[in-house]
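Here is the structure we will look at.
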Amino acid sequence: MYTERSCSESLRGACRRPRLEALRAREGPLSETRSCLCPRRRADRTHDCTDRAPVRRPAQSSALSVCRCGAPQPGCDPGGVCRGLSAPPRRKMRKRMVVLLGTLWWCWLLALSAASETERLLLEQLFQNYNLKVRPAQSWNQRVMVRVGMTLSQLISLNEKNEEMTTNVFMNLAWTDYRLTWNPEEFDNITVLRIPPNKVWRPDIYLINNNDGQFDVALYVNVLVYSDGTVNWLPPAIYRSSCSIKVAYFPFDWQNCSMVFRSYTYDSSEVDLQYALDEDGREIHEIIIDENAFTENGEWQICHKPSRKNVREDLYEDITFYLIIERKPLFYIINIIVPCILTSVLAIFVFYLPPGAGEKMTLSISVLIALTVFMLLLADKVPETSLGIPIIVNYVMFTMILVTFSVILSVVVLNLHHRTPSTHDMPLWVRKVFIHFLPQYLGMQRPRPEEPLEEELREDTPLARIDGRRPGTEYFIRKINPELILPWRGRPDSTVQLQRFLDSENYCLILPPDLKSAIAAVTYMAEQLRRQDTDDTMTGDWQYIAIVVDRLFLWLFVVITTLGTLALFLDASFNYTPDQPFA
Numbered sequence: 003m004y005t006e007r008s009c010s011e012s013l014r015g016a017c018r019r020p021r022l023e024a025l026r027a028r029e030g031p032l033s034e035t036r037s038c039l040c041p042r043r044r045a046d047r048t049h050d051c052t053d054r055a056p057v058r059r060p061a062q063s064s065a066l067s068v069c070r071c072g073a074p075q076p077g078c079d080p081g082g083v084c085r086g087l088s089a090p091p092r093r094k095m096r097k098r099m100v101v102l103l104g105t106l107w108w109c110w111l112l113a114l115s116a117a118s119e120t121e122r123l124l125l126e127q128l129f130q131n132y133n134l135k136v137r138p139a140q141s142w143n144q145r146v147m148v149r150v151g152m153t154l155s156q157l158i159s160l161n162e163k164n165e166e167m168t169t170n171v172f173m174n175l176a177w178t179d180y181r182l183t184w185n186p187e188e189f190d191n192i193t194v195l196r197i198p199p200n201k202v203w204r205p206d207i208y209l210i211n212n213n214d215g216q217f218d219v220a221l222y223v224n225v226l227v228y229s230d231g232t233v234n235w236l237p238p239a240i241y242r243s244s245c246s247i248k249v250a251y252f253p254f255d256w257q258n259c260s261m262v263f264r265s266y267t268y269d270s271s272e273v274d275l276q277y278a279l280d281e282d283g284r285e286i287h288e289i290i291i292d293e294n295a296f297t298e299n300g301e302w303q304i305c306h307k308p309s310r311k312n313v314r315e316d317l318y319e320d321i322t323f324y325l326i327i328e329r330k331p332l333f334y335i336i337n338i339i340v341p342c343i344l345t346s347v348l349a350i351f352v353f354y355l356p357p358g359a360g361e362k363m364t365l366s367i368s369v370l371i372a373l374t375v376f377m378l379l380l381a382d383k384v385p386e387t388s389l390g391i392p393i394i395v396n397y398v399m400f401t402m403i404l405v406t407f408s409v410i411l412s413v414v415v416l417n418l419h420h421r422t423p424s425t426h427d428m429p430l431w432v433r434k435v436f437i438h439f440l441p442q443y444l445g446m447q448r449p450r451p452e453e454p455l456e457e458e459l460r461e462d463t464p465l466a467r468i469d470g471r472r473p474g475t476e477y478f479i480r481k482i483n484p485e486l487i488l489p490w491r492g493r494p495d496s497t498v499q500l501q502r503f504l505d506s507e508n509y510c511l512i513l514p515p516d517l518k519s520a521i522a523a524v525t526y527m528a529e530q531l532r533r534q535d536t537d538d539t540m541t542g543d544w545q546y547i548a549i550v551v552d553r554l555f556l557w558l559f560v561v562i563t564t565l566g567t568l569a570l571f572l573d574a575s576f577n578y579t580p581d582q583p584f585a
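In short: position in the sequence shown from 1, add 2, done, that's our numbering.
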């Protein structure tokens, strides 16, 4: 039978049971930890149990807990000892950790609320009589020193056609406002405040040479106000500034682009612009580049990045940041210059084609069209200016002029090739210059003409002579005067005598009509053959002159193209970036 006993809160539900003697005899001495035997306590945590009994632990195992139900359960031995539950000291440790964490969280909230309250009181004190439209100068003739610096994050692009440079930067503006000072010891050692920029006085320093009408920064971040009155403002900005492009050595050029910052309303008697300071307190006379955050441009390489303070005649000061950048020409070399050089080589080989080939004109015009396409590509890249002509445009124009001349000279060569004695007479100087003089200097040698068939018959054929006479002369030897014998070798004056005989009246009297007509026909055929041989010889001479002129133009184009290419691109090699930015 159970007896009712009161449970103490310090023991957290530890109670005693009436069968104390039996448990002591079986399990050993009583344990300090006691447990409630009421089965309703696990279901209802608000239940106030008064029927509690002592809980005994076995002496040999302190890690086992006594079953709370008082009856054998799965996992309990017949004596009521539970072997599956955790020990009560572990629960106490968890509860203590929860209480400790809750206490720390509450203390942190109290401290945060106290700090926020202190910061609020400090802001109310600082801005109680603050006027952001008034310059932070203690007297009207005192100048406010504003330090200007710049950190370059990325050189986005340089548009040569629009003469515009786009950069991603962080501005660094610092000045002193004597009205924003306090003693940190009076305000829980608060040394810095973060205030929206529209609540404090800011110098109206903007980019003067902007190209898109956006004078201001991209984002108005908070200003940092320190206890000594120093105000720092580091807003990010994407600037599009104008940059005068020098195109004379494009694409082997370098450019000097600047960004000019000054105050719009304050002159040098009111605002003193100075360089920003580094961590050691030294002035920074250049653009800062953070190597960890900087993104390199694929077309331009930054060589120098100085800054300079300028005082204008109108008493306005400005800080000018310079970016001296050099172009990486690999893209233009591969895509424009090398194709142009190969095209000019094709123009040279126009003169290596035979003059009789009709493809000379086709090849020349095709090369000219290709160069026109390259010129159109360059026109979209370079700025529309008359101050200078890019070197690559000069080279393309030079090649186009050569190709144009190749077309003209190909026409000349074709005209010479198709000349005949019936259309043109060859002057003597042309024969001397282009047949006898130039070929030996151009590495040409004209093959010797073959011996005529008449000469072969005269020397080699058995019928060439009959007793030292030509065939067909026997009739005249027998019938006419021996002095009028037809010519043969050894009598050079016989031809004149024969011609004289044929022209005389005796010719008509002596020869029969059939023979006279046959002789006239043979004489005409011989004359025509002689004229044809002469015409063929003259036509061959004109064709040979065309070949000589073609070879002359070939060597001229090789020399001119080589020298012109070397002259243009060697001139570009002297256009190097200066070692000193202001040299």
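Backbone N, C-alpha and C define an ideal beta-carbon position, used for all residues, glycine too.
Along the chain, where does the beta strand (DSSP E) that runs through residue i open and close?
i	result
H419	Taken as a continuous stretch (DSSP letters only), H419 belongs to no beta strand (DSSP E), being part of the alpha helix (DSSP H) at I393 to H419.
A239	P238 to S244
T153	V146 to N161
R303	The sequence as given places Gln at residue 303; Arg does not occur at that position. Unbroken beta strand (DSSP E) run through Q303: W302 to H306.
T322	E319 to R329
F263	W256 to S265
D274	V273 to Y277
L355	Run containing L355: none; DSSP gives neither H nor E here.
V233	D230 to W235
Please report the distance separating the alpha-carbon of residue i from that of residue j.
i	j	result
L209	F252	28 angstroms
L365	V561	20 angstroms
I192	G231	13 angstroms
F555	V375	26 angstroms
W544	A523	31 angstroms
P356	L348	15 angstroms
Q582	A574	20 angstroms
Y546	H419	8 angstroms
Q447	V550	10 angstroms
K163	V146	41 angstroms
L517	T525	12 angstroms
V384	V249	7 angstroms
I304	V233	31 angstroms
E298	L221	23 angstroms
L565	S368	24 angstroms
S412	D537	24 angstroms
Y578	M167	21 angstroms
V170	I158	The residue asked about is misnamed: residue 170 is Asn in this sequence, not Val. Going from the Cα of N170 to the Cα of I158 covers about 7 angstroms.
P237	T567	50 angstroms
D235	F172	The sequence given here has Trp at residue 235, not Asp. Taking the straight line joining both Cα atoms gives about 10 angstroms.
I394	R553	29 angstroms
S12	K201	Model confidence at S12 stands at a pLDDT of 38, short of 50, so the residue's coordinates are unreliable; what they give is reported in the following sentence. Near 59 angstroms, if we compare the C-alpha coordinates of K201 and S12.
F353	Y443	17 angstroms
T105	Y132	41 angstroms
Tell me which same chain residues have a C-beta within less than 6 angstroms of the C-beta of residue i, skipping the five on either side of it?
i	result
R493	Low local confidence applies: a pLDDT of 48 at R493 is under 50, so the model's placement there is unreliable, and no value is given.
R149	A176, Q276 and A278
E281	none
N211	S243, S244 and V262
L531	none
F296	none
A139	V146
Which first and last residues belong to the alpha helix (DSSP H) in which residue i is found?
i	result
A176	It is not in any alpha helix (DSSP H) - A176 instead sits in the beta strand (DSSP E) that spans E166 to T183.
I350	V340 to F351
W431	L430 to R433
R533	P515 to S575
L373	E361 to A381
Q582	Neither: Q582 is in no alpha helix (DSSP H) and is coded neither H nor E.
L440	L440 to Y443
Can you name, in chain order, every residue of its own chain whose Cβ lies under 8 angstroms from the Cβ of residue i, other than the five neighbours on each side?
i	result
L370	M402, V405, T406 and V409
T267	D206
M540	T422, P423 and M428
L570	I393, N396, Y397 and F400
Which same chain residues end up closer than 7 angstroms to residue i when comparing Cβ atoms and leaving out the 5 residues on each side of it in sequence?
i	result
V398	C342, L373, F376, M377 and L380
D269	L317 and Y318
V2	Residue 2 is absent from the model: the chain starts at 3 and stops at 585.
S88	Low confidence applies to S88: its pLDDT is 48, below 50, so where it sits in the model is not reliable enough to give any reading.
D214	R242
*Does the stretch 322 to 333 come close enough to the stretch 254 to 265 that 3 or more CB-CB pairs lie under 8 angstroms?*
Contact holds: three or more Cβ-Cβ distances are below 8 angstroms.
*Taking one C-beta from the stretch 215 to 229 and one from the stretch 286 to 293 each time, how about it: are there three or more such pairs within less than 8 angstroms?*
At 8 angstroms Cβ cutoff, the stretches do not touch.
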